[in-house]
Amino acid sequence: MYSAEDKAALSAIKKSAENVDYSAWENEHRRLGQRSEGYQTYVVSAVNESSKYSEGYKNCTGVLGVGIDMTTGRNISFLTHQDPRQILVSEHRWKAFLSDLRHALTELKDKVDRESIDIVLFAGDYDFDGVSVVDARANAGKRRADDYRDVVAGVGEVVREVLGIDPRVVVGPKEVSPHAVNAIVDTQRRRLYMFRPEQEGFDNNTDFRSAQVAEHLDTLQNGRKIGT
11 MYSAEDKAAL SAIKKSAENV DYSAWENEHR RLGQRSEGYQ TYVVSAVNES SKYSEGYKNC
71 TGVLGVGIDM TTGRNISFLT HQDPRQILVS EHRWKAFLSD LRHALTELKD KVDRESIDIV
131 LFAGDYDFDG VSVVDARANA GKRRADDYRD VVAGVGEVVR EVLGIDPRVV VGPKEVSPHA
191 VNAIVDTQRR RLYMFRPEQE GFDNNTDFRS AQVAEHLDTL QNGRKIGT
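In the working numbering, the protein residues as written are 11 to 238.
See the structure below:
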């Protein structure tokens with residue numbers, strides 16, 4: 011929980027921060043130097059010194075990359091917001107998202123001290139009963155939890171390819187809920203602030219490496235009943 015003082019400080023950060031809005035239209039993404047495949051698909055921010063925020067991570071996931079610019083000595087970052095319902099159903103969009111993510115990771119790698127790089131994943135939800143958006147038509151037996159797994163695994167693979175590190179999922183998926191998660195990034199202090207609904211009885215905030223996503227989901231499924 012954040013104190014009233016913390017919330018006031020975060021509100022001030024947000025006022026001057028870059029909005030990484032996956033619901034924005036193409037001209038706004040282009041104005042901010044962001045990459046996207048269209049309205050409510052995904053957005054990858056520019057790599058710069060700005061603080062950033064993004065709202066409405068329901069089943070969406072996010073990636074944050076930060077490092078110290080070798081020229082200025084200041085922190086630079088990028089932030090993403092991607093919707094598995096949109097990027098997994100289209101091979102073109104999935105490849106475009108991974109390509110734009112790879113571009114941001116490469117730019118970060120080229121500009122910063124390698125030892126200063128942090129890459130983290132966050133948000134998303136798990137639903138062991140819902141049908142996967144990918145296989146809804148084919149009824150192939152995949153679940154929405156598998157969509158979360160596929161996005162985290164795919165992001166992890168690209169990060170390992172570009173940077174040689176396995177990124178950490180710092181805020182695990184929430185149980186299916188109509189409530190969204192909001193994120194604020196204070197780039198110069200290298201801090202990610204998350205606002206998410208409380209979910210009593212669900213111990214799913216444990217961090218884990220992206221390569222462990224399947225194991226983490228198995229743990230959640232086996233212990234997800236409230237009161238057990």
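By construction, the Cβ of each residue, glycine as well, lies at the ideal position given by its N, Cα and C atoms. Fair warning: this is a prediction, and the values are worked out from it, not measured in the lab.
- Boundaries of the alpha helix (DSSP H) harbouring LEU108: 101-121, taken from the DSSP string.
- Judged by DSSP in its simplified three-state form, ASP93 adopts coil rather than helix or strand.
- Here ALA18 is exposed. Its C-beta has fewer than 16 other C-beta atoms within 10 Å.
- Boundaries around GLU65 are those of the beta strand (DSSP E), 62-67, since no alpha helix (DSSP H) includes it.
- When Cβ pairs closer than 8 angstroms are counted between the two stretches, the region 72-90 is seen to touch the region 103-115, the count reaching three or more.
- Below 8 angstroms, enough C-beta pairs join the region 118-133 and the region 69-85 to call them touching: three or more.
- With a cut-off of 8 angstroms on Cβ pairs, the region 23-32 is in contact with the region 51-69, counting three or more such pairs.
- Note on geometry: alpha-carbon atoms of ASN37 and LEU20 lie some 27 angstroms from one another.
- Inter-residue distance for ILE129 and GLU117 is about 13 angstroms (C-alpha atoms, whole angstroms).
- Counted as a single uninterrupted DSSP element, the stretch harbouring ARG206 is not any beta strand (DSSP E), since DSSP gives it neither H nor E.
- With respect to GLN50, SER33 sits close: the two C-beta atoms are nearer than 7 angstroms.
- Take ASP123, set aside five residues on each side of it, and the residues of its chain with a beta-carbon closer than 6 angstroms to its own are ILE78, MET80, in chain order.
- Going by DSSP, ASN37 is part of no beta strand (DSSP E) but of the alpha helix (DSSP H) stretching over 36-41.
- By the beta-carbon neighbour count (other beta carbons within 10 angstroms, threshold 16), GLY83 is exposed.
- One Cα belongs to ILE23, the other to GLY43, and the distance between them is close to 20 angstroms.
- If you draw a 10 Å sphere on the C-beta of ALA14, you find fewer than 16 other C-beta atoms in it, and that means exposed.
- A residue is called buried when at least 16 other Cβ atoms come within 10 angstroms of its Cβ; ARG41 does not meet this threshold and is exposed.
- Contact between ALA193 and TYR52 does not hold, since the beta-carbon distance rounds to 15 angstroms and is not under 8 angstroms.
- Under DSSP, THR71 forms a beta bridge with GLN92, ALA133.
- Excluding sequence positions up to five before and after VAL168, its CB lies within less than 6 angstroms of the CB of LEU108, LEU111, ARG112, all in the same chain and listed in chain order.
- Per DSSP, the beta-bridge partners of ASP196 are ARG201.
- Here ASP157 is buried, its C-beta having at least 16 other C-beta atoms within 10 Å.
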